[in-house]
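Novice: Heads up: the protein sequence lines correspond to chains A and B, in order.
Counting from 1 along the first sequence, just add 829 to a position and that's the residue number in the numbering used here.
Counting from 1 along the second sequence, just add 49 to a position and that's the residue number in the numbering used here.
Cβ atoms here follow ideal geometry from the backbone N, Cα and C, with glycine treated the same way.
Provided herewith is a single structure, encoded as structure tokens, for subsequent inquiry.
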Amino acid sequence: EPEVTQTPSHQVTQMGQEVILRCVPISNHLYFYWYRQILGQKVEFLVSFYNNEISEKSEIFDDQFSVERPDGSNFTLKIRSTKLEDSAMYFCASSDFGDNEQFFGPGTRLTVL
Amino acid sequence: DQQVKQNSPSLSVQEGRISILNCDYTNSMFDYFLWYKKYPAEGPTFLISISSIKDKNEDGRFTVFLNKSAKHLSLHIVPSQPGDSAVYFCAASVVSGGSNYKLTFGKGTLLTVNP
Numbered sequence: 830e831p832e833v834t835q836t837p838s839h840q841v842t843q844m845g846q847e848v849i850l851r852c853v854p855i856s857n858h859l860y861f862y863w864y865r866q867i868l869g870q871k872v873e874f875l876v877s878f879y880n881n882e883i884s885e886k887s888e889i890f891d892d893q894f895s896v897e898r899p900d901g902s903n904f905t906l907k908i909r910s911t912k913l914e915d916s917a918m919y920f921c922a923s924s925d926f927g928d929n930e931q932f933f934g935p936g937t938r939l940t941v942l
Numbered sequence: 050d051q052q053v054k055q056n057s058p059s060l061s062v063q064e065g066r067i068s069i070l071n072c073d074y075t076n077s078m079f080d081y082f083l084w085y086k087k088y089p090a091e092g093p094t095f096l097i098s099i100s101s102i103k104d105k106n107e108d109g110r111f112t113v114f115l116n117k118s119a120k121h122l123s124l125h126i127v128p129s130q131p132g133d134s135a136v137y138f139c140a141a142s143v144v145s146g147g148s149n150y151k152l153t154f155g156k157g158t159l160l161t162v163n164p
């Protein structure tokens, strides 16, 4: 069964450093998303991506964040200068059509020290 | 801004009995609702969904009911099994006329099914 994969599973970084979280969505999917879950809180939408551009971003997704689909299979989330409050689980998701269910990857746990 | 609310943080049921998980929403624009199950250290796994044009959708042991007038949905699991023990998230989105389809999640309900 096809699945969304994410690497790394755990990333530890120093405050102010850049991190890139990687995702490989399901191959025939067209809609891509990043969500995050801070410990003890709900899963929050960050950004959606379709047709090689951002379709919507939340207020969390400020200028420090960017997304890219560099090669037709990977989907990346970059945080330019990490802050302590960026520590969270980051989930990538994809769907074949926008109004169908989204399939989630296992997540990357980001720890900012 | 709690547009999707799951007011019960936890629920404990006996194996073989019915589990009923509840979810309320405030945004009347939501027209597509989903339930996800999540185990620790894993991503959410899609379980079942329902469009606002329906009031019930069934898939095996899982049934989702939607009451639009009350802005309420529920997930029924019957019979419950110990392997169902997980956190269950309710999520909602706007799909009609939309171009985004982002999911808005509730806080989740931890279901424990006791053998």
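Going by DSSP in three states, residue 122/B sits in which element: helix, strand or coil?
Specialist: Looking up residue 122/B in the second sequence gives position 73. In this structure, residue 122/B counts as strand in the three-state DSSP scheme.
Novice: Given that residue 156/B touches chain A, what residues does it touch there, using C-beta distances under 7 Å?
Specialist: Stepping through the second sequence from its first residue, residue 156/B is reached at position 107. What residue 156/B touches in chain A: 871.
Novice: Which residue marks the beginning of the beta strand (DSSP E) containing residue 937/A, and which one marks its end?
Specialist: Stepping through the first sequence from its first residue, residue 937/A is reached at position 108. First-last of the beta strand (DSSP E) with residue 937/A: 937-941.
Novice: Checking the sheet assignment: what are the DSSP bridge partners for residue 873/A?
Specialist: In the first sequence, residue 873/A corresponds to position 44, counting from 1. Residue 873/A is bridged to 865/A.
Novice: If I measure Cβ to Cβ from residue 152/B and keep anything under 6 Å in the same chain, skipping five residues before and after, which residues do I get?
Specialist: Locating residue 152/B in the second sequence gives position 103, counting from the first residue. So the qualifying residues of the chain are 140 and 142.
Novice: If contacts are defined as beta-carbon pairs under 8 Å, then residue 838/A and residue 935/A qualify, I think. What distance do you get, rounded to the angstrom?
Specialist: Reading the first sequence from its first residue, position 9 is the one you call residue 838/A. Reading the first sequence from its first residue, position 106 is the one you call residue 935/A. Residue 838/A to residue 935/A, Cβ: 7 Å. Contact.
Novice: Quick one: what's got a C-beta closer than 7 Å to residue 844/A's C-beta in the same chain, skipping five residues either side?
Specialist: On the first sequence, residue 844/A is found 15 positions in, with the first residue counted as 1. Counting only Cβ-Cβ distances below 7 Å, and skipping sequence neighbours, we find 911, 912, 913, 941 and 942.
Novice: Run down chain A in chain order and give the residues with a C-beta less than 9 Å from the C-beta of residue 59/B.
Specialist: Locating residue 59/B in the second sequence gives position 10, counting from the first residue. In chain order: nothing, as chain A lies at least about 14 Å away.
Novice: Does the beta-carbon distance from residue 145/B to residue 62/B come in below 8 Å?
Specialist: Counting from 1 along the second sequence, the entry for residue 145/B is found at position 96. Counting from 1 along the second sequence, the entry for residue 62/B is found at position 13. For residue 145/B and residue 62/B, no; Cβs fall outside 8 Å.
Novice: Residues of chain A with CB closer than 7 Å to the CB of residue 92/B, please, in chain order.
Specialist: Residue 92/B sits at position 43 when you count from the first residue of the second sequence. Near residue 92/B (Cβ distances below 7 Å), the residues of chain A are 920, 933, 934, 935 and 936.
Novice: What three-state label does DSSP hand residue 70/B in the structure shown?
Specialist: Here the question's residue 70/B lines up with position 21 in the second sequence. In this structure, residue 70/B counts as strand in the three-state DSSP scheme.
Novice: Can you list the residues of chain B that residue 930/A reaches, using a CB-CB cut of under 7 Å?
Specialist: Position 101 of the first sequence, counted from the first residue, corresponds to residue 930/A. Those are 83, 95 and 98, listed as they occur along chain B.
Novice: Measuring alpha carbon to alpha carbon, tell me which residue in 854/A, 842/A and 840/A is nearest residue 831/A.
Specialist: Here residue 831/A is taken as the residue at index 2 of the first sequence, counted from 1. The option with the nearest alpha carbon to residue 831/A is 854/A.
Novice: Between which two residues does the beta strand (DSSP E) carrying residue 922/A extend?
Specialist: Translated into the one-based positions of the first sequence, residue 922/A becomes position 93. Where residue 922/A is concerned, the enclosing beta strand (DSSP E) stretches over 917-924.
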